[in-house]
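In our numbering, the protein residues as written are 830 to 977. What follows is one structure encoded as structure tokens, with my remarks underneath.
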Amino acid sequence: MQFKKLKQKGEGTMKKGIKRAGVILAGVVVVFGILVFVMFQKMSHQTEAALAKQENVTIDMSQVKDGIYEGSSDGGLVKVEVEVEVKDHTITAIHLLRHDNGKGKPAEAMLDDMVAQNTDDVDAVSGATASSKTIRNAVNKALQKGLE
């Protein structure tokens with residue numbers, strides 16, 4: 830009979846320990862979630878501020894001299910460096926030298942559109958807005974260097 834009481838008492842202590850561990854684990858998960866949220870917000874604000882500083886000028890390709898021009902842009906979490914080749918006032922090639930990005934790789938497709946349309950002013954890629962804006966800004970800065 831005493832053995833049965835002792836067994837029941839041990840089971841109660843074990844259940845309390847499991848509950849306590851569960852509460853601690855839940856607390857750690859909540860704190861971790863809050864930290865991730867705060868970091869995401871901070872990165873988002875950083876990116877928004879960097880994108881707001883980007884300025885593009887209207888480029889008249891008839892005013893851009895032949896040459897190879899480099900441009901770079903910082904979009905916060907996205908960083909881009911390009912080399913733009915111009916011949917006879919036409920963009921003949923754009924080489925992506927650097928594209929630090931998260932999920933913005935699809936924005937690189939814009940480069941082909943820029944060459945085909947002979948302008949940096951092309952539509953952004955949905956889902957890769959920061960990369961799209963930063964790529965465009967880098968190409969725009971490169972083309973500005975060739976203005977007569």
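For each residue, glycine too, the CB sits at the ideal point set by N, CA and C. Owing to the predicted nature of the structure, the values given are computational and were not obtained by experimental measurement.
Identified DSSP bridge partners for residue i
i, result
"Glu899", "Glu912"
"Asp929", "Lys908"
Collapsed DSSP secondary structure at residue i in the structure displayed
i, result
"His918", "coil"
"Val893", "strand"
"Leu864", "helix"
"Ile853", "helix"
"Ile942", "The amino acid occupying residue 942 in the given sequence is Asp; Ile does not appear at that position. Three-state DSSP puts Asp942 in a helix."
"Ile923", "strand"
"Leu880", "helix"
"Leu972", "helix"
"Glu937", "helix"
"Ile888", "coil"
"Ser960", "helix"
"Lys844", "helix"
"Met830", "Low confidence applies here, because Met830 scores a pLDDT of 48, under 50, leaving its location unreliable; read the following figure in that light. Coil at Met830, not helix or strand."
Buried versus exposed, by CB contacts within 10 Å (16 or more), residue i
i, result
"Thr919", "exposed"
"Ala878", "exposed"
"Met956", "The question names Met, yet the displayed sequence has Gly at residue 956. Exposed, by the Cβ-count rule."
"Arg965", "buried"
"Gly896", "exposed"
"Val852", "exposed"
Presumed contact (8 Å Cβ cut-off) between residue i and residue j, rounded CB distance
i, j, result
"Val907", "Ala855", "Contact doesn't hold; Cβ gap of about 36 Å is too wide."
"Gly900", "Gln875", "The Cβ separation is near 22 Å, so there is no contact."
"Val909", "Thr963", "5 Å"
"Val944", "Ala922", "7 Å"
"Gln892", "Glu977", "5 Å"
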